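Numbering (this note's numbering), first residue to last: 53 to 488.
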């Protein structure tokens, strides 16, 4: 296989030099020659990586043949996620006005030391300011805050605190009187992420790196603990509804979080179905049906946001164009197809403002046997259609060897526009679906 790859690489170099020779009469620009050189280097690196992977795989297979193949461990946490029954859910109401007396203490089983965690809960509030949603504190925590999803009556945003280290203020877009699913993940590499309705809202690095969340703590809903089990502040209390609060001792995948919209997420540290709780002050408890919590007036599925008459979802994790396409299909969607200037400009603004101005796949590609660009729904991109290419794009240097796919790229303009690249590159992606 390595020999085959080397031969293919050599053939590619010869073909490229041949192209350059043939194009000599066409006065190839320096920019185009540099672009071709960069592509050759990229492909050379890919060949080297693939060759190394083949060697490593061969050694691994030889080792397993000598020592015996390992047994696949049983996945125990899946049973905590999927359930076939949908009983009524307990919901907590924290009334107005706020009070230091209004909080709920949860009494889960023993919490062991955590090097990773996920907390998901469902909230509904029409308050004009945020409030503390969840606090886990131990005697060793700085100011009582081991894990804190914090808010304040003078803020519309929220903050995450792990072992006394704070994230920036985060706009979770939940102060609208509708039910929302908020999920917080953290691992002791220092990576923290927070999601609203399945959409990643923020990512922060270096938060309490190397820390282990201590066991034996106190879980409080609706107030911030400045010391173990107390130290509440009127301005930090919560006002609204909370339901289905669950906690895990590992980081949920984004696919697992998607089960929240069907009320199938149940934690292995805090399980909302049976966790013991003590209601304090004027907090009341009632039962609600799952469907009642996800009626949204924007018409978009959970995890999607309305945009120019359609619903879209921005996925940050990098993957190939084909895997991105399959991921959108599995979600009942398709890679976004900005066929109009209005939709394209709206997506560009989204990528720039919410997507870190990084590269994101869209649903446009060109096959090696097809000289025409086409959308994922099979319709061609005609020369007279709207097109949002970056200056000098599409370059199509190796389209005779590889499928080429389109992504948003800020490029020379600093503003995301269309760019073609090899489809196996790893980028984020944008899914599009119709309103419900």
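Think of the CB as a built atom: it goes at the ideal place given N, C-alpha and C, for glycine as much as any other residue. A quick note: this is a predicted structure, and the numbers were derived from the prediction, not measured.
Cβ pair residue i, residue j closer than 8 angstroms
i, j, result
"residue 367", "residue 292", "no"
"residue 342", "residue 315", "yes"
"residue 182", "residue 148", "no"
"residue 339", "residue 464", "no"
"residue 198", "residue 265", "yes"
"residue 474", "residue 458", "no"
"residue 289", "residue 184", "yes"
"residue 456", "residue 417", "yes"
"residue 302", "residue 168", "yes"
"residue 238", "residue 224", "no"
"residue 173", "residue 286", "no"
"residue 379", "residue 413", "no"
"residue 384", "residue 487", "no"
"residue 428", "residue 444", "no"
Contacts around residue i, its chain only, beta-carbon distance under 6 angstroms, and the 5 residues preceding and following it disregarded
i, result
"residue 355", "249, 250, 251, 365"
"residue 304", "170"
"residue 255", "245"
"residue 155", "272, 274, 275, 332"
"residue 299", "171, 319, 321, 322"
"residue 143", "293, 295, 338, 340"
"residue 200", "187, 213"
"residue 117", "Reliability fails at residue 117, whose pLDDT of 44 lies under 50, so the model's placement of it is uncertain and no value is given."
Beta-carbon contacts of residue i that lie in its chain and below 7 angstroms, excluding the five residues immediately before and after
i, result
"residue 410", "480"
"residue 218", "211"
"residue 476", "372"
"residue 165", "264, 265, 266, 267"
"residue 336", "145"
Residue i, buried or exposed, once every other Cβ within 10 Å from all chains shown has been counted against 16
i, result
"residue 373", "buried"
"residue 180", "exposed"
"residue 478", "exposed"
"residue 493", "No answer is possible for residue 493: it lies beyond the span of the chain, which begins at 53 and ends at 488."
"residue 187", "buried"
"residue 435", "exposed"
"residue 257", "exposed"
"residue 270", "buried"
"residue 317", "buried"
"residue 381", "exposed"
"residue 442", "buried"
"residue 220", "exposed"
"residue 484", "buried"
Spatial neighbours of residue i in its chain, beta-carbon cut-off 8 angstroms, leaving aside the 5 residues before and after
i, result
"residue 262", "240, 242"
"residue 437", "391"
"residue 400", "440, 460, 467, 468, 469"
"residue 306", "247, 250, 252, 367, 369"
"residue 432", "424, 425, 426"
"residue 227", "177, 178, 179, 180, 181, 182, 208"
"residue 359", "395, 398, 399, 402"
"residue 151", "286, 289, 333, 334"
"residue 284", "152, 155, 275, 276, 277, 278"
Per DSSP, the bridge partner or partners of residue i
i, result
"residue 279", "282"
"residue 210", "222"
"residue 146", "292"
"residue 174", "233, 295"
"residue 470", "441, 460"
"residue 159", "328"
"residue 197", "Beta-bridge pairing links residue 197 to no other residue."
"residue 476", "Answer is none; residue 476 lacks a bridge partner."
"residue 217", "214"
Any beta strand (DSSP E) of 3 or more consecutive residues that is wholly inside the stretch 242-270: 244-248, 251-256
What are the complete alpha helix (DSSP H) segments, minimum 4 residues, inside the stretch 354-386? Within the stretch 354-386, complete alpha helix (DSSP H) segments of at least 4 residues are found at 373-382, given in chain order.
Quick one: complete beta strand (DSSP E) runs, 3+ long, within the stretch 389-465? 412-418, 456-461
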